[in-house]
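Step one of this worksheet: look at the structure below.
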Amino acid sequence: MGQATKRMNMIEAIRDALDVKMTEDSDVLVFGEDVGYFGGVFRATAGLQEKHGLHRCFDTPISEGGIVGIAIGMASNGLRPVAEIQFADYIYPGYDQIASEAARLRYRSNGEFSAPLTIRTPVGGGIYGGTTHSQSPEALFTHIAGLKTVIPSNPYDAKGMLITAIEDNDPVLFLEPKRLYNGPFYGDPHIPSVSWAKHELGDVPEGHYTVPFGSVRRITEGPDLTILAYGTMVWVAEAAAKEAGVQADILDLRALLPLDIEAIAESVKKTGRCLILHEATRTSGFGAELSAQVAEACFFSLEAPIVRVTGWDTPYPHAQEWAYFPGPKRVMNGIRKVMGQA
Amino acid sequence: MAAKKKTAKKLKTDKEELLKYYRDMLLIRRFEEKAGQLYGMGQIAGFCHLYIGQEAVVVGARAGMIEGDQMITGYRDHGHMLACGMESRGVMAELTGRSGGYSRGKGGSMHMFSTEKHFYGGHGIVGAQVPIGAGLALANKYTENGNVSLAFFGDGASNQGQVYEAFNMAKLWDLPVVFVIENNQYAMGTSVQRSSAETELFKRGSSFEIEGLQVDGMNVLEVRDAAKKAIKHARDGKGPMILEMKTYRYRGHSMSDPAKYRSRDEVTKTRSERDPIDMAKAHLLDEKWVDEAELKAIDKEIKAIVADAAEFAQTSPEPDPSELYTDVLLPVDAA
Ligand SMILES: Cc1ncc(C[n+]2csc(CCOP(=O)(O)OP(=O)(O)O)c2C)c(N)n1
Ligand SMILES: [Mg+2]
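Chains as they are written, first to last, in my numbering: chain A, 3 to 344; chain B, 9 to 343.
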C-alpha cells in the first residue's frame with residue numbers, strides 16, 4: 003500500500019478515524035456524553051473539539067434516547083453523525099430509536115430516506131464493571147433488520163472499519179471491546195497485559211483507508227478446527243488454541259451483520275469442526291445464529307457437533323468476574339469437546 | 009405553584025438533634041474515606057463513587073422521614089444506605105465483592121438493597137431509579153400505608169427523558185413521592201452549564217405543576233426543613249415536590265477521574281467554606297453543646313466502626329462459585 007504507518011492503541015486508532023473523517027467531510031459531527039470538553043471517558047475523542055470546533059464535536063446531556071433520535075434526524079437530513087453511547091449498557095433508552103426508527107427508515111420510506119449514522123459504544127467485560135458496565139448486547143441488534151453491527155478486535159481494523167461505518171449509507175452500530183483498548187487480552191488477568199505497540203495490528207496506516215464489512219480476518223490458519231470469534235474472544239481463542247496444541251482456523255468475524263458466511267463455510271468444510279465463542283449470555287446469543295448458519299451450510303462436512311463457549315445465562319456479576327468470563331480454560335474445554343477428546 | 013428560591017434563615021435545633029446529624033454525616037465521611045483507601049489497596053475493583061461532600065443531603069433528608077418511608081437512588085449510594093441504618097459491614101463487604109455483602113458480591117458498589125430498611129437500591133443506570141421511585145409511591149397510595157418515597161438523582165440524571173415521564177405521572181396521580189435532585193454541579197466531567205438549558209433544576213417541574221425548592225444542600229438543617237416540608241406535602245396527599253439540593257462532590261466522579269474539568273481552587277474553596285460537617289461542628293462548639301474532647305471521642309468511635317467494617321469486608325469469604333447462578337429467576341420448583 004505504501005502508506006506510512008504509526009503505532010497506535012485502539013483508542014488512538016478510533017480517534018484517528020474520527021479525525022480523518024472530520025477533516026475530510028464537514029458533514030461529520032461527533033457527540034455524546036462527556037465527548038466534547040472532556041474528550042470521552044475512554045479518551046476516544048480527546049482533542050477533537052479543540053481541533054474541529056465546538057459545533058463539530060460536542061457534549062450532550064445524559065439522554066440516550068435523545069442522542070440517538072437527534073442523530074437519526076441529522077442523518078436523514080444530510081449529515082454524517084457519529085454518536086457515542088458511553089457504555090453499551092446505557093444504550094437501552096436509545097434502543098427504541100435504533101430499532102423502530104434508524105433501522106426502519108429506508109424500508110418504510112421506500113428507499114427515499116435513510117439514516118447513515120454511526121453509533122459507537124464500548125462493550126464487554128474484563129474490567130470489573132459488574133452488571134451495568136460489562137454487557138455484550140450485540141444479539142439485540144443483529145436481530146434487527148435494517149442495521150449493521152460490527153466489532154473490531156484490534157487498532158488496524160478499528161480505524162478502517164470506523165471509516166467504513168461513517169461512509170456507509172445505512173445505520174451502523176460500532177461496538178468497541180473495551181478490554182482491548184490498550185492491548186490484546188488473552189483471557190488470563192494474572193499475566194501482565196501486553197500493549198498494542200508490540201503487536202503488528204497496532205501498526206496503523208496514517209490518513210484514509212477502509213476495512214470493508216462482510217469479510218473475516220484469519221488470525222491463524224490450521225486444519226484441526228474452525229474457531230469463530232469476535233471482539234475480545236478473538237485473542238482468548240488464540241491463546242487457548244496455542245495452549246491446547248491445536249492448529250486452528252481462527253476467524254475474527256469483524257462484522258456480525260453483514261456476515262461473511264462464505265469464508266466461514268469454506269473453513270468449516272475444510273476442518274469439519276466448529277467452535278463458536280462469545281462473551282454474551284448463551285441463550286439466543288449470536289452464537290445461536292452462527293451455529294444455525296454453519297449447520298445449514300456445512301452439515302455434511304461436520305465431523306462433530308458444533309460447540310459454543312459463551313457467558314453464562316446470568317447477569318454479569320460484580321465479584322467472580324473470571325468465573326463469568328469465558329476464559330482460556332473454558333475455551334480449551336470447548337476445543338477438546340469439538341475435537342472429540344472430551 | 010411557582011417554583012421559588014429559598015432564602016437563608018436561622019434554623020432551630022438542639023444539642024441532641026445536631027449531634028446526631030453530625031455523627032451520621034461523619035460516619036458517611038469516614039466510611040467513604042476508608043472505601044477510597046481500600047480501593048487504592050486493590051481490595052475494591054471496578055466502579056466506586058464516593059459521596060464525600062454531599063453528606064448533609066441524605067442525612068437531612070432522612071431526618072424528615074418516618075419508619076416505612078422508602079429511599080431509592082443511583083450509584084453514588086453508600087451514604088444513603090448508611091443513613092437508612094444499613095450495616096456498614098454489609099455495605100463495605102459488597103464493595104469488596106464478598107459473601108458478607110448486601111448483594112453477596114453480585115451487585116458491587118452500585119447495586120445494594122434492603123427490604124428491612126426500605127432501601128430500594130442502588131441503580132447503575134442513570135435516571136432509572138426516578139420512575140421506580142414514583143412507582144413505590146403509587147403502591148404506597150394504593151395500599152394507603154401512609155408512606156412516602158424519596159427518589160434521589162443527580163443534576164446529570166435530571167436530563168433523562170424518563171425523569172419527565174415520572175414527573176408527569178407523579179403529579180397527574182398526586183403520588184406521595186419527593187424528587188431529590190443532588191445538584192453537585194457536575195455529571196462526570198460535564199458541568200450543569202454545559203448540559204442543561206435550565207440550570208436552576210428546582211424549576212424543572214414547573215410545566216408539570218410540581219412545586220420546587222432550591223436548598224443549600226451543604227447545610228443539614230436547611231435540608232431537614234425542606235425535606236420535612238416536602239414529605240408532609242406528599243403525605244398529605246398533595247402529590248410530589250422537587251428539592252434541588254445545591255451540593256458538591258469533593259472527590260472524582262469515580263475512582264479514576266483526571267479531574268481536568270474543574271480547578272483545584274474550586275474544590276478547596278467549597279471544602280473550606282461550605283463543608284457540611286465542619287459547619288455542624290462549628291455550630292455545636294459555638295453553642296457550647298460539645299467540647300473538642302467530646303468531638304475527638306466521637307471521631308474515635310466512628311473510626312472504630314469503619315475499621316471494623318473494613319476488617320469484615322476483607323475477611324468475609326469470597327462468594328461460593330455456585331452463587332453465580334442463583335437469583336436469576338426463582339428455581340422452577342419454588343416459583
Ligand atoms: C443511562 C446511563 N447513561 C450514562 C451513564 C454513565 N454515567 C454514570 S454516572 C454519570 C454522570 C451522572 O451525573 P449526575 O446525575 O450529576 O450524578 P453524580 O455522579 O454527580 O452523583 C454518567 C454519565 C449511566 N450510568 N447510565
Ligand atoms: Mg452531578
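No residue lacks a Cβ here, since even glycine has one placed at the ideal position from N, Cα and C.
- Measuring CB to CB, does B:V65 end up less than 8 Å from B:E190? Less than 8 Å divides the Cβ of B:V65 from the Cβ of B:E190.
- Query: Measuring CB to CB, does A:I146 end up less than 8 Å from A:A101?
  - Reply: In this structure, A:A101 lies closer than 8 Å to A:I146 by Cβ.
- Task: Compare the C-beta of A:V43 with all C-beta atoms of chain B and state if any pair is closer than 8 Å.
- Result: Interface with chain B (8 Å Cβ-Cβ cutoff): A:V43 is included.
- Message: Residues in the same chain with beta-carbon distance under 6 Å from B:T104, minus the five sequence neighbours each way, listed in chain order, please.
- Response: The beta carbon of B:T104 is closer than 6 Å to those of Q51, I52, A321 in its chain, skipping five residues each way along the sequence.
- Under 9 Å Cβ-Cβ, which residues of chain B neighbour A:Q322? The contacting residues are G105, G113, K114, E326, P327, P329, E331, L332.
- Item | Rounded straight-line distance, which links the Cα of B:A288 to that of B:K13 | In this prediction, B:K13 scores a pLDDT of 47, lower than 50, which makes its location untrustworthy; no coordinate-derived value is stated.
- Message: Rounding to the nearest angstrom, what Cα-Cα distance links A:V125 and A:D98 in this structure?
- Response: Using only the alpha carbons, I get a separation of about 19 Å.
- B:D265: which of A:V30, A:A321, A:G41, A:R106 sits nearest, CA to CA? Looking at the Cα atoms, A:G41 is the closest of the given residues.
- Message: Measuring straight from C-alpha to C-alpha, what distance separates A:H210 and B:A101?
- Response: Counting only the Cα atoms, B:A101 lies some 50 Å from A:H210.
- Item | Interface residues of chain A facing B:N167 [CB-CB closer than 7 Å] | Simply P63, I64, S65.
- In angstroms with no decimal places, state the Cα-to-Cα distance between B:A305 and A:A46. Rounded to whole angstroms, B:A305 to A:A46 spans 49 Å at the Cα level.
- Query: Interface residues of chain B around A:W314 at Cβ under 8 Å?
  - Reply: Using a Cβ-Cβ cut-off of 8 Å, A:W314 is close to L332, Y333 of chain B, given in chain order.
- Short check: CB of B:I239 to CB of B:G72, under 8 Å? Contact flag set, yes.
- Does any residue of chain A bring its CB to less than 8 Å from the CB of B:H119? So, interface residue.
- Task: Taking B:F216 and B:K179 to be in contact with their CB atoms under 8 Å, please state how far apart those CB atoms are, rounded to whole angstroms.
- Result: Taking the Cβ atoms as the reference, B:F216 lies roughly 5 Å from B:K179, within the contact range of under 8 Å.
- Message: What does the Cβ neighbour count give for B:I74, buried or exposed, with the cut at 16 atoms within 10 Å?
- Response: With fewer than 16 Cβ atoms within 10 Å of its Cβ, B:I74 is classed as exposed.
- Using a Cβ cut-off of 8 Å (strictly closer), state whether A:G132 contacts chain B. For A:G132, the answer is yes, since a Cβ of chain B falls inside 8 Å of its Cβ.
- Message: Closer than 7 Å to a non-hydrogen atom of ligand 2 - does that hold for the CB of B:N192?
- Response: At least one heavy atom of ligand 2 is nearer than 7 Å to the Cβ of B:N192, so yes.
- Continuous beta strand (DSSP E) assignments of at least 3 residues falling wholly in the segment 271–338 of chain A: For the beta strand (DSSP E) assignment, the uninterrupted runs of no fewer than 3 residues enclosed by the segment 271–338 of chain A are, from N- to C-terminal side, 276–283, 309–313.
- Task: Would you kindly work out how many angstroms separate the C-alpha atoms of B:V314 and B:L158, rounded to a whole number?
- Result: Cα-Cα distance, rounded: 26 Å.
- Examine chain A for any beta-carbon lying closer than 8 Å to the beta-carbon of B:K14, and answer yes or no. Because the pLDDT of B:K14 is 46, which lies under 50, any placement of that residue in the model is unreliable, and the question is left without a value.
- Task: Determine, using beta carbons only, whether A:F40 comes closer than 8 Å to chain B.
- Result: Yes, because at least one Cβ of chain B sits closer than 8 Å to the Cβ of A:F40.
- Query: For the segment 85–116 of chain A, which residues have a CB atom closer than 9 Å to at least one CB atom of chain B, in sequence order?
  - Reply: So the close ones are Q88, D91, Y92, Y94, P95.
- For A:T166, the three-state DSSP class (helix, strand or coil): A:T166 falls in the helix class under three-state DSSP.
- Query: Under a three-way DSSP split, which group does B:T334 fall into?
  - Reply: If DSSP states are grouped into helix, strand and coil, B:T334 belongs with coil.
- Message: Short of 8 Å Cβ to Cβ, which residues in the segment 49–69 of chain B face chain A?
- Response: For the segment 49–69 of chain B, residues whose beta-carbon sits nearer than 8 Å to a beta-carbon of chain A comprise A53, G54, F55.
- Message: Quick check on B:G143: buried or exposed, where buried means 16 or more other Cβ atoms within 10 Å of its Cβ?
- Response: The residue is buried, with at least 16 neighbouring Cβ atoms inside 10 Å.
- Message: Taking the alpha carbon of A:G4 as the reference point, which residue from A:E208, A:T133, A:D226 has its own alpha carbon closest?
- Response: For A:G4, the nearest C-alpha among the options comes from A:E208.
- Start and end of the alpha helix (DSSP H) containing B:M89? For B:M89, the uninterrupted alpha helix (DSSP H) segment begins and ends at 86–91.
- Task: For B:T212, go through chain A and note every residue whose CB falls closer than 7 Å to its CB, in chain order.
- Result: Per the sequence shown, the amino acid found at residue 212 of chain B is Arg instead of Thr. Residues of chain A whose Cβ lies closer than 7 Å to the Cβ of B:R212 do not exist, since the nearest Cβ in that chain is about 12 Å away.
- Message: Against chain B, which members of the segment 17–37 of chain A pass a CB distance test of less than 8 Å?
- Response: Correct list: E35, D36.
- Message: I'd like the list of long-range same chain contacts for A:T120, defined as Cβ closer than 6 Å, with 5 residues on each side in sequence excluded.
- Response: Excluding positions up to five away in sequence, the list reads V84, A167, I168, V174, F176.
- Would you please state the rounded distance, in angstroms, between the beta carbons of B:I60 and B:G141? I believe it to be under 8 Å. Here B:I60 is actually not in contact with B:G141; their C-beta atoms are around 24 Å apart, not less than 8 Å.
- Task: Rounded to whole angstroms, what's the CA-CA distance from B:L338 to B:K149? Just pull it up for me.
- Result: When rounded, the distance between both Cα atoms is 28 Å.
- 8 Å Cβ cutoff met for A:F229 and A:L182: Correcting the residue identity first, residue 229 of chain A is Ile in this sequence and not Phe. No, Cβ-Cβ distance for A:I229 and A:L182 is not below 8 Å.
- For B:S262 versus B:F55, is the C-beta distance shorter than 8 Å? Taking the C-beta atoms as reference points, B:F55 is found nearer than 8 Å to B:S262.
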